[in-house]
Every structure is written in C-alpha cells, then in structure tokens.
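**Student:**
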Amino acid sequence: EREKKERERERRSSMSVRSVNMDEDEWELSEVARASVREGLANSVRSLAELKGVKVPEEVALEKAKKVEEKAFTAAKVDSRTTTGRRPDDETLQIYARKAGRLVIQAVESIEQGEGAGDDNSAKDMLDLCDGNREFVTAEAARDLFSSILSIEDPSSQTVRKIRLSTKSFGVDAAEVAAEAFAACRNTLVDLDLSDVIAGRPEDEAMKALKCLCDSVECLKLKSLDLSDNALGEKGIVACSTALTSQKELESIAFRNIGCSVAACKAILNLLGCKETLRRIHLYNN
2 EREKKERERE RRSSMSVRSV NMDEDEWELS EVARASVREG LANSVRSLAE
52 LKGVKVPEEV ALEKAKKVEE KAFTAAKVDS RTTTGRRPDD ETLQIYARKA
102 GRLVIQAVES IEQGEGAGDD NSAKDMLDLC DGNREFVTAE AARDLFSSIL
152 SIEDPSSQTV RKIRLSTKSF GVDAAEVAAE AFAACRNTLV DLDLSDVIAG
202 RPEDEAMKAL KCLCDSVECL KLKSLDLSDN ALGEKGIVAC STALTSQKEL
252 ESIAFRNIGC SVAACKAILN LLGCKETLRR IHLYNN
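Position one of the sequence shown corresponds to residue 2 (our numbering), numbered consecutively onward.
#1: Under 6 Å Cβ to Cβ from Met127, same chain only, skipping five residues before and after it: list those, please.
#2: In or out: Ser217 buried (at least 16 other Cβ within 10 Å) or exposed?
#3: Beta-carbon within less than 8 Å of Arg35's beta-carbon, same chain only, minus the 5 sequence neighbours each way: which residues are those?
#4: How would you label Thr93, buried or exposed, when you count the other beta carbons within 10 angstroms and need 16 or more for buried?
#5: I'd like the list of long-range same chain contacts for Thr243, defined as Cβ closer than 6 Å, with 5 residues on each side in sequence excluded.
#6: Could you check if Ser157 is buried or exposed, using at least 16 other CB atoms within 10 Å of its CB as the buried criterion?
#7: Helix, strand or coil, according to DSSP, for Glu59 in the structure here?
#8: Since Ser229 contacts Arg257 with CB under 8 Å, what's their CB separation in whole angstroms?
#9: Could you give the DSSP three-state label for Asp192: helix, strand or coil?
#10: Apart from the five residues on each side of it in sequence, which residues of its chain come closer than 7 Å, Cβ to Cβ, to Lys125?
#11: Roughly how many whole angstroms lie between the Cα atoms of Gln248 and Leu193?
#12: Which of helix, strand or coil does DSSP assign to Arg202?
#13: Specify the secondary structure class of Ser253 as computed by DSSP and reduced to three states.
#14: Report the rounded CA-to-CA distance for Val46 versus Phe137, giving the unit in angstroms.
#15: Nearest-angstrom Cα distance between Thr139 and Glu250?
#16: Distance, Cα to Cα, Ile238 vs Val33?
#17: Any idea which residues DSSP pairs Phe171 with across the strands?
#18: In this structure, does DSSP put Ser111 in helix, strand or coil?
#19: By how many angstroms is the C-alpha of Arg187 removed from the C-alpha of Ser149?
#20: For Lys78, collect the residues of the same chain with a Cβ closer than 7 Å to its Cβ; drop the 5 residues on either side in sequence, then sort them by chain order.
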C-alpha cells in the first residue's frame, strides 16, 4: 500500500513538472506558416497602395511584408508570455494578426509619402526610432533599424548627429548592434536619446543591455544624453557609469522618471565627468 501511494505521488509530481514545462514553452509558428503570412501581407501592401494610386513593385512589397511580419511575430511572442504562464494560442494569433494589420497600414502610408521605393530609414542628420510602436528589438531587427548608418562604409560620409531609441526595448544582442551604429557615426553624433529602452526586460538582462549601450558611448563626444524613463535606481546608474564618466563635454543630461533615490543622486554626482560644461540636468518625476 505504501509503495502504491509513493508511485501515485511520483506520477502527480511528474504531471506537475510537465505542466510547468508546457507553460514555459514559447509560442511559435512554423516557417511555412510565416512564409504564407508574408505572401499575404505583400499582396495586401500592393492592393492597398494601388487603391491610393501608387504602383508598388513586387520585390518592394515583399520586403515591406517581411519587415511587417517580423515585427508582428516579435510583438506577439512577447505578449504571449504572462505573469502566470502562457496565453492561449488563439489569443496570441489574434495579437499577431492585429499587429500585422496595423503595420501594413503604416507601411502603405510610408509608401504613399514617397518612402517606399528606397530605404525606410533614409535619415540624414537624425535617426529617430520612436514611431509609436513598442517592441522588443532582436539583433536582426536592430540591423534593419540601423541600416541607414551601418550600410555606409566610409565614416567620413556619416551625417547623423542625433539618434533616438525611445520605446524600443533592447536586449544584449540588439544593444551590441546599436553599439556598432554609435561607433560608425562617432565623428558626427552629438545627441543621444536612450530613454525608455529596456521596458519589459528582466532586471538582469535590462542592466546588461543598458551597460552595453552606455559602454559604447565612450568613443563619442556628446553634447546631450537622455537616460529618462528607464527603471534605473542606483544599480542602473552604476550600469550607466561609462557614459557618465567618459563624456567630458556634455551640456545636457536627463534622468526623468528613473526611480532616482538619494543614493542614486549621489552616484550621479560622483560619476559625472562633465561638471565644467554641464548646463542642464533634468531630474523631475523621481
């Protein structure tokens, strides 16, 4: 009887472990399914653009569809995870479809405005990634976002003076790509906005990504740096230390809404290497 109860306990324990593992599995779509979605999105891009009187080449529509599907898939994958496990697959599919639909409309609007035939990020002196879409940025997506900078081989041909990353959440891999972009325009970049770039990340990953971004600032000569809307606290300030100590010519720095305690304020004071040139420091909403 005792052995029977022991086997029953082991069976229940085994079922519990399997259940937890199933909850931890990530939501996925097969490559065949995603390819089919991309094809459908490309047709939608062409059809909607034609309704607006714009003829879109098939290869351009396919490229737009690939970017749309990748962003929608990443957003759905992030939203598939909840604090208690995983959403039902049909809910996640609806999120995926809605996100793709919104992005298709945006893609067609950009084509209508004359941006469809070439690069989406034809930035000259500014690269602004804050387009109203919150998303977790993968390394591949980051290369796409920074393509206008990374595609230029000659550093003397760079013209970007300001980069804004707000509302894009960077993991370590994506932060490393961003670091490449910063280094590529080190001779021209003077204004860097790193506000709201780690939202939704686990603390350990967020601090590592933030450190990667801030370490890469060392090669720059910035006039303005914005680190607002990141849950920093004293630990986050320490992660940003290279950016604070290496910039000797900063005129403006912002730490709005970062959970800045007295200890964090003291850390900022001790780390700032631009006390002679600094004209503005924003600390409100802490």
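Here a beta-carbon is modelled for each residue, glycine too, at the ideal position from N, C-alpha and C.
As the structure is a computational prediction, the values presented were derived from the model and not from experiment.
**Tutor:** Answer, in terms of the structure:
#1: Lys163
#2: buried
#3: Glu70 and Phe74
#4: buried
#5: Cys215, Asp216 and Glu219
#6: exposed
#7: helix
#8: 4 Å
#9: strand
#10: Thr160
#11: 12 Å
#12: coil
#13: strand
#14: 24 Å
#15: 32 Å
#16: 45 Å
#17: Val138
#18: helix
#19: 15 Å
#20: Glu27 and Trp28
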